[in-house]
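Under this note's numbering, read the sequence shown as residues 422 to 675, first letter to last. Structure record follows, encoded as C-alpha cells.
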Amino acid sequence: MSESSNRFVAFLAIIATPLAAGAFLMSWGPGNHWFDFAPANDGYVAPRDISSMVDRVQESTVTVFCDVGKRGGGIGTGWAIDPDLLLVKSTRTTIATNHHVVEDCLDGKGSVTVALPFEKQRLAYILVVDKKNDLALLETELKLPPLELSEWPPMPGYWVMALGSASAYEGSVAFGNVLNYSDKEVFITNNISGGNSGGALIDNEGKVVGMVTWGMDYSIDQYNGAKLLDVFCYKILKCKYEWKGEPTWIDYEE
C-alpha cells in the first residue's frame, strides 16, 4: 500500500473513532435510566411498563362505600397497607383512606363496605380515625396485597399516578406530576374528581408517596392535593424519623 493510501486510512480511523464513541454514548445514555430505579435519580420519568404497574396497583385498590340508609352515603377510594407498619394490630387486611370518606358512618351511624373494581362489596370496619389529618384506617376480610411505601420525598416534577373511583367510575387512572410539596401535603397536576379521595398516589416505582385528598376548581387553579406520608405518623404509621421535632416517615437528613 502506498504512503498516500496509508495516510488516508489513518485519517479515516481518526474520524471514525470519535464518531463510534459518540454513537455508543447516544444509544446507551437514554436507555440507561431504566437500570437506575431510585426515584432520587430518575423520578421524573414515567415507568417503562405502565400497564403492568397499573394492574399491580389496582389489585390493592378498592372503592370505599359509606352507606347511611335513607340519608344517602358517600364513596371514595382506599388501598391496602402493610399491617406490620401500623401502630395498631390487626390480623385482617388493613386499608387506608380519608376520614371524610367514612365520616358519616362513624359511631355506628352507617355501614362501610369495600370492593375491588366491578366485584362484590365486602364489609369493612373502622379501625382508626385521624380527623385532624383527614385519615382513616379500615380492616376487612377481603384479601389484598399491600402496597409498598416509598422512602423518598415526592420532589417537584416527579411522575405520579392516581388510581381510584373518580366520580364513582371504578378503576379510574390519572397520570401527572408533582408540582410541589409542603410538610403535610403534595400538590399534583393529576386530574382528580369526587370519589378519588383516599386513593394512593404512586411514584414511578409503583410505591406510595401520598394519599389523594382534595381537588381544586380548575377555573381557579390547575392543581390538586394529596396527604404526605409523614402525616400518617401521628395515629397510623410507626415512624422512626423526626424533622424539626415532628415524626416523619421519610428520613430528610439522609
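For every residue, glycine included, the Cβ atom is placed at its ideal position computed from N, Cα and C. Remember, predicted model here, so these are calculated numbers, not experimental data.
Reference residue i, options the options, closest by Cα
i       : options                            : result
Glu-540 : Val-549, Val-594, Lys-564          : Lys-564
Val-549 : Glu-562, Thr-518, Leu-537          : Thr-518
Gly-627 : Leu-658, Tyr-579, Thr-498          : Tyr-579
Lys-491 : Ser-532, Ser-511, Gln-479          : Ser-532
Thr-515 : Gly-499, His-521, Val-522, Val-523 : Gly-499
Gly-619 : Val-581, Gly-497, Leu-544, Asp-551 : Gly-497
Thr-561 : Ala-536, Val-581, Lys-552          : Ala-536
Lys-552 : His-521, Asn-617, Arg-543          : His-521
Lys-605 : Gln-479, Thr-534, Ser-473, Glu-667 : Glu-667
Arg-477 : Gly-597, Leu-556, Ile-547, Pro-566 : Pro-566
Val-485 : Ile-609, Ile-613, Ala-557          : Ala-557
Rounded Cβ spacing between residue i and residue j (contact assumed at less than 8 Å)
i       : j       : result
Lys-656 : Leu-508 : 7 Å
Ser-481 : Leu-559 : With 8 Å as the limit, Ser-481 and Leu-559 do not qualify as a contact, their Cβ atoms being about 13 Å apart.
Val-523 : Ile-547 : 6 Å
Ile-671 : Glu-572 : 7 Å
Asn-554 : Ala-587 : Going by Cβ atoms, the distance from Asn-554 to Ala-587 rounds to 23 Å, so no, they are not a contact pair.
Beta bridge counterpart(s) of residue i as assigned by DSSP
i       : result
Tyr-590 : Ala-587
Tyr-546 : Glu-560
Cys-487 : Gly-495, Val-533
Met-632 : Ala-621, Lys-648
Asn-611 : In the DSSP output, where bridge partners are listed per residue, Asn-611 has none listed.
Leu-658 : Leu-507
Asp-525 : Answer by DSSP bridge pairing: none, since Asp-525 is not bridged.
Val-581 : Gly-597
Closer than 8 Å to chain C by CB, residue i
i       : result
Lys-665 : Among the protein chains of the structure shown there is no chain C, as only one such chain exists.
Cutoff 7 Å; reference residue i; Cβ partners in own chain excluding five residues on either side
i       : result
Pro-577 : Val-599, Leu-600, Asn-601
Trp-664 : Tyr-673
Thr-669 : Asp-651, Cys-654, Cys-660, Tyr-662, Glu-663
Asn-611 : Val-581, Ala-583, Ala-595, Phe-596, Gly-597, Asn-645
Proximal residues to residue i (C-beta, below 6 Å), its chain only, five neighbours per side dropped
i       : result
Pro-575 : Val-599, Tyr-602, Val-607, Val-630
Val-475 : Val-594
Pro-504 : Ser-511, Thr-515
Same chain only: Cβ atoms within 8 Å of residue i, ignoring 5 sequence neighbours per side
i       : result
Leu-446 : Note that Leu-446 has pLDDT 41, beneath the 50 cutoff, so the model's placement of it is unreliable and the number below is only indicative. Closer than 8 Å at Cβ, skipping near neighbours: no residue.
The ligand COA heavy atom lying under 7 Å from the CB of residue i
i       : result
Asn-625 : Absent from the structure shown: the ligand COA. Ligands present: none.
Report yes or no: do the segment 525–532 and the segment 616–633 share at least 3 C-beta pairs separated by less than 8 Å?
no
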